[in-house]
Amino acid sequence: MNTNKERILIDADETTARTIEDWVYPIVNAEYWTNLSFNTTLNCRDVFWSLIQENWVPITLEKKIKIFKSAIAQDIWKNQIRTVAWSVEKILELSEWYQLDILTARHPDLIEYTTNWTQYKYNWAIAKVFSSNCYYGWKVSKSDICKNEGVKMMIEDDMDYALELAKEWIKVYLLKKPWNVQRPEKHRNIVKVDWWNEIKI
Ligand SMILES: [Mg+2]
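Residue numbers (numbering that gives the first Met the number 0): 0 to 200.
Next comes the structure, spelled out in structure tokens:
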């Protein structure tokens, strides 16, 4: 691998993996008789905490992790969660010029699964998975990891992460999603795009 390539970090959930539509909501809706839908999701940062509680179904962190882990067991053939539109084409193109890694806030127990899913879906164009450890008190933020790794670009779908990164001079390509489309914030380091194929680096 050419180690002189500039690096880009890429978020996992809803940036590469259609986790909410294909994985979280079908399981949660079946288990809790809720009717959560992707297109009306206005808070994606933690769909379990925020949306489930809005639906008057309390859920503990332990229960949440248990649901995730049982879902991983079901996704052993990696066919349940699809890739976000145009992400495969764009990632394969970018991998010729950039070193690509994943940076996710998923629980550290999911890193091995995430690495396998990512390598399988993106034909080994993405090398590694970093975790920002949000489950352990946000000790290591996404911008900390970018700075430690010397990374100056990230592809994201979460406006709060995008703002945190942008303030640290990391350029963010923010994919349009139901939970960020109405966010009014602007920043010179945030480039809003509708789809992966609009990303021009
Ligand atoms: Mg995401």
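Beta carbons: idealized from backbone N, C-alpha and C, even for Gly.
From a predicted model like this one, the values you see are computed outputs, not experimental measurements.
Pairwise C-alpha distance: residue j and residue i
| i | j | result |
| --- | --- | --- |
| W201 | K89 | Any question about residue 201 goes unanswered here, given that the chain covers just 0 to 200. |
| E30 | K68 | 15 Å |
| W85 | V128 | 20 Å |
| W22 | W123 | 23 Å |
| E155 | W32 | 30 Å |
| I19 | I64 | 15 Å |
| I200 | T14 | 17 Å |
| R44 | K4 | 31 Å |
| L35 | Y24 | 6 Å |
Where the alpha helix (DSSP H) through residue i begins and ends
| i | result |
| --- | --- |
| K141 | 141 to 148 |
| A29 | 24 to 31 |
Secondary structure of residue i, DSSP reduced to three states
| i | result |
| --- | --- |
| A161 | helix |
| K191 | strand |
| Y121 | coil |
| Q98 | strand |
| T18 | helix |
| D108 | helix |
Counterpart residues of residue i in DSSP-defined beta bridges
| i | result |
| --- | --- |
| E155 | L173 |
| S130 | T103 |
| E5 | Y97 |
Cβ neighbour criterion (16 or more within 10 Å) applied to residue i
| i | result |
| --- | --- |
| T117 | buried |
| L164 | buried |
Heavy atom of ligand 2 within 7 Å of residue i beta-carbon
| i | result |
| --- | --- |
| E13 | In terms of ligand content, the structure shown lacks ligand 2 and carries ligand 1 instead. |
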